[in-house]
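**Q**
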Amino acid sequence: MKPKPSFFSLLSLPKNLSHSAPLSSMAQTQISVDSNPPQDPPCCLDSPPRDLTAESHADRAWAYWKKMGRPRFLVAPMVDNSELPYRLLCRKYGAEAAYTPMLHSRIFTETEKYRKEEFTTCEEDRPLFVQFCAHDPDVLLEAARKVEPYCDYVDINLGCPQRIARRGYYGAFLMDNLPLVKSLVEKLALNLQVPVSCKIRLFPDLEDTLKYARMLEEAGCSLLAVHGRTRDEKDGKKFRADWKAIKAVKDAVKIPVLANGNVRHMDDVKDCLEETGVEGVLSAETLLENPAVFAGFRTAEWVSESEGANIDGKLDQADLVVEYLKLCEKYPVPWRMIRSHVHKLLGDWFRIQPHLREELNKQSILTFEFLYDMVDRLRATGTRIPLYLKDTQSELTAPSCTD
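Following our numbering, the numbering of the sequence shown begins with 13 at its first residue and continues without gaps.
(1) The alpha helix (DSSP H) with residue 213 in it runs from where to where?
(2) Note down the Cα distance separating residue 367 from residue 352, rounded to an integer number of angstroms.
(3) Could you check the C-alpha separation between residue 236 and residue 210 for me, to the nearest Å?
(4) Between 156, 136, 134, which has its C-alpha nearest residue 119's C-alpha?
(5) Using a Cβ-Cβ cut-off of 7 Å (strictly less than) and excluding sequence neighbours within five positions of residue 336, which residues of its own chain qualify?
(6) Could you check where the beta strand (DSSP E) with residue 326 kicks off and where it finishes?
(7) Can you check which of these residues, 323, 259, 339, is closest to residue 380 by C-alpha distance?
(8) Return yes when the Cβ of residue 142 is within less than 8 Å of the Cβ of residue 112, no when it is not.
(9) Where DSSP assigns a beta bridge to residue 242, which residues make up the other side?
(10) Residue 398 lies in the beta strand (DSSP E); which residues open and close that run?
(11) Tell me which residue opens and which closes the beta strand (DSSP E) that residue 292 is part of.
(12) For the alpha helix (DSSP H) containing residue 392, name the first residue and the last one.
(13) Can you tell me the Cα-Cα spacing of residue 312 and residue 69, whole angstroms?
(14) Apply the 10 Å Cβ neighbour rule to residue 168 and answer buried if 16 or more other Cβ atoms are within range, or exposed otherwise.
(15) If you run the structure through DSSP and keep just helix, strand and coil, what is residue 274?
(16) Given residue 228, which residues of its chain have a CB within under 7 Å of its CB, disregarding the five upstream and five downstream residues?
(17) Considering Cα atoms alone, identify which of 254, 205, 191 is closest to residue 231.
(18) Roughly how many angstroms separate the alpha carbons of residue 105 and residue 83, rounded to a whole number?
(19) Quick test of your reading: residue 10 and residue 325, contact by CB under 8 Å. State the CB separation rounded to the nearest angstrom.
(20) Does the beta-carbon distance from residue 233 to residue 183 come in below 8 Å?
(21) What would DSSP say about residue 351, mapped onto helix, strand or coil?
(22) Would you call residue 346 buried or exposed, if buried means 16 or more other Cβ atoms sit within 10 Å of its Cβ?
(23) For the structure I just gave you, are there three or more beta carbon pairs, one from the stretch 299 to 312 and one from the stretch 283 to 290, closer than 8 Å?
(24) Tell me the rounded alpha-carbon separation between residue 253 and residue 238.
(25) Tell me the rounded alpha-carbon separation between residue 204 and residue 186.
(26) By Cβ distance below 7 Å, which residues in the same chain neighbour residue 356 in space, the five residues on each side in sequence not counted?
(27) My output table needs one value for residue 165: the three-state DSSP class, helix, strand or coil.
(28) Entirely within the stretch 113 to 162 and at least 4 residues each: give me those alpha helix (DSSP H) ranges in chain order.
(29) Under the rule that 16 or more other beta-carbon atoms within 10 Å means buried, what is residue 135, buried or exposed?
(30) Just grab the DSSP bridge partners of residue 196 for me.
(31) What residues are listed by DSSP as bridge partners for residue 111?
(32) Tell me the DSSP bridge mates of residue 43?
(33) Evaluate residue 85 with the Cβ neighbour count: other Cβ atoms within 10 Å of its Cβ, from every protein chain shown; 16 or more gives buried, anything less gives exposed.
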């Protein structure tokens, strides 16, 4: 695996990153779970751990994480929004690993159409976490076995706080049944060739959260992603993620830990890594508006928070929409996902040109021709909303005080 660039080199646009680089340089063979599985096993270390001591389990978890290159900038799992084309777009702009959207384990095992539409990957799509929701260990294992040849971790969604998760009895609502959670993790850890990861939310009481994290580690979880909000704190704009609680989890377990919450730009990424001591940071909502965030780009909304000067990054969300659409032509996904991304990426533009948003909403059937034409029409209005980069050159040439 290629060595990762240093953290600080990603606070500005990396020298080897060109947003005009041809997308055709990426592998173009789309893989689904009903394809012939690869002959070689995925990036795994020997067989799954069985009856290991806590120390040896942690050692194996760390060895695996290091073998993957210790990715720090990750695309979080987003229902209908972290599909293959968007993952590839985010990877092009600095993301070092990614999660699939949450997949429903029962439907995944029962329905071929669901598998083909909801999970696809390709050679460039690694490291990859495939996330499932579940409440039946046997069904979860059956689903996980279908994807393990194509991923680096199978992840269990223990953090979804939405009503659909309550009705389906999965996600954060399994926090009320810890024996079941433990059985889900153990079932996978004892039977898969790839490690198990879990994404969790906080309990209102910190000590309960720490007990929860230790239980998951003991059950065989090899990596823990912590969303720094409780199950009831659904509104990310209203409730700040608790980085101190994430740090406490990091200190309480021996396996790698990732943080999720409060990441709007790379200054936040830097602060989160420093304050929590975690191995990596997940971004979700920010990436939906700005898939280039991990390359140092930020929207105008967050320019005022940046220390120092900012410059036009010669990239905007309309450029990113075009890149995303080209990826979708190569790696087809359901149109509902494409529509969702176009709305989120062009939200600021649509506020200035609402008639184009209305035209998009009226289209019951979308085509690439319509969407490319819509972007051209937006540009023809003379509207441009750039993404910004830190002006590192001005910082380097700024006068310094000497005695």
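Glycine is no exception: its CB is placed at the ideal position from the N, C-alpha and C atoms.
Just so we're clear, the structure is a prediction, and the values are computed from it rather than from any experiment.
**A** Taking the definition as stated:
(1) In the sequence shown, residue 213 corresponds to position 201, counting from 1. Element bounds for residue 213: not the alpha helix (DSSP H) but the beta strand (DSSP E), 208 to 214.
(2) Working through the sequence shown from its first residue, we reach residue 367 at position 355. Working through the sequence shown from its first residue, we reach residue 352 at position 340. About 18 Å.
(3) As a first step, residue 236 is located in the sequence shown; it is residue number 224 there, counting from the start. As a first step, residue 210 is located in the sequence shown; it is residue number 198 there, counting from the start. Whole-angstrom Cα-Cα distance: 5 Å.
(4) As a first step, residue 119 is located in the sequence shown; it is residue number 107 there, counting from the start. That would be 156, whose Cα lies nearest to the Cα of residue 119.
(5) Against the sequence shown, residue 336 aligns to sequence position 324. Answer for residue 336: 97, 98, 101, 353, listed in chain order.
(6) Within the sequence shown, residue 326 is the residue found at index 314, counting from 1. 322 to 328 is the extent of the beta strand (DSSP E) around residue 326.
(7) To locate residue 380, count along the sequence shown from 1; it is residue 368. Nearest of 323, 259, 339 to residue 380, Cα basis: 339.
(8) Walking along the sequence shown from the start, residue 112 turns up at place 100. Walking along the sequence shown from the start, residue 142 turns up at place 130. Yes, they are a contact pair.
(9) Locating residue 242 in the sequence shown gives position 230, counting from the first residue. Residue 242 is bridged to 214.
(10) Working through the sequence shown from its first residue, we reach residue 398 at position 386. Element bounds for residue 398: 398 to 402.
(11) The residue labelled residue 292 in the question sits at position 280 within the sequence shown. Where residue 292 is concerned, the enclosing beta strand (DSSP E) stretches over 292 to 295.
(12) Start at 1 with the first residue of the sequence shown, and residue 392 comes out as number 380. Note, residue 392: alpha helix (DSSP H), 380 to 392.
(13) Counting from one through the sequence shown, the residue named residue 312 turns up at place 300. Counting from one through the sequence shown, the residue named residue 69 turns up at place 57. CA-CA distance, residue 312 to residue 69, rounds to 45 Å.
(14) Stepping through the sequence shown from its first residue, residue 168 is reached at position 156. Counting the other Cβ atoms within 10 Å of the Cβ of residue 168 gives 16 or more, which makes it buried.
(15) Locating residue 274 in the sequence shown gives position 262, where the first residue counts as 1. DSSP, reduced to helix, strand and coil, places residue 274 outside both helices and strands of the structure shown, so it counts as coil.
(16) Residue 228 sits at position 216 when you count from the first residue of the sequence shown. Contacts found: 197, 210, 236.
(17) Indexing the sequence shown from 1 puts residue 231 at position 219. Closest option to residue 231, Cα to Cα, is 191.
(18) By 1-based counting over the sequence shown, the position of residue 105 is 93. By 1-based counting over the sequence shown, the position of residue 83 is 71. Looking at the backbone, the Cα of residue 105 and that of residue 83 are separated by about 14 Å.
(19) Shown here, the chain extends from 13 to 415; a query on residue 10 therefore has no answer.
(20) Numbered from 1 along the sequence shown, position 221 holds the residue referred to as residue 233. Numbered from 1 along the sequence shown, position 171 holds the residue referred to as residue 183. Cβ distance not < 8 Å, so residue 233 and residue 183 don't count as in contact.
(21) Looking up residue 351 in the sequence shown gives position 339. Helix at residue 351.
(22) Along the sequence shown, read from residue 1 onward, the residue named residue 346 stands at position 334. If you draw a 10 Å sphere on the C-beta of residue 346, you find fewer than 16 other C-beta atoms in it, and that means exposed.
(23) The answer is no - the stretch 283 to 290 does not touch the stretch 299 to 312, with fewer than three Cβ pairs under 8 Å.
(24) Residue 253 sits at position 241 when you count from the first residue of the sequence shown. Residue 238 sits at position 226 when you count from the first residue of the sequence shown. Those two C-alpha atoms are separated by around 10 Å.
(25) Reading the sequence shown from its first residue, position 192 is the one you call residue 204. Reading the sequence shown from its first residue, position 174 is the one you call residue 186. Here the C-alpha atom of residue 204 lies approximately 22 Å from the C-alpha atom of residue 186.
(26) In the sequence shown, the residue the question calls residue 356 occupies position 344. Hits under 7 Å: 300, 301.
(27) Within the sequence shown, numbered from 1, the residue matching residue 165 stands at position 153. In the structure shown, residue 165 sits in a strand (DSSP, three-state: E or B).
(28) Counting only unbroken stretches of 4 or more residues, the alpha helix (DSSP H) elements lying wholly within the stretch 113 to 162 are 117 to 122, 124 to 130, 149 to 159, in sequence order.
(29) Mapped onto the sequence shown, residue 135 falls at position 123. Answer is exposed; the Cβ neighbour count stays below 16.
(30) Position 184 of the sequence shown, counted from the start, is the residue given in the question as residue 196. Note: residue 196 sits in no beta bridge, so no partner.
(31) The residue given as residue 111 occupies position 99 in the sequence shown. Paired residue(s): 141.
(32) Numbered from 1 along the sequence shown, position 31 holds the residue referred to as residue 43. In the DSSP output, where bridge partners are listed per residue, residue 43 has 133.
(33) On the sequence shown, residue 85 is found 73 positions in, with the first residue counted as 1. It is buried - the Cβ of residue 85 has at least 16 other Cβ atoms within 10 Å.
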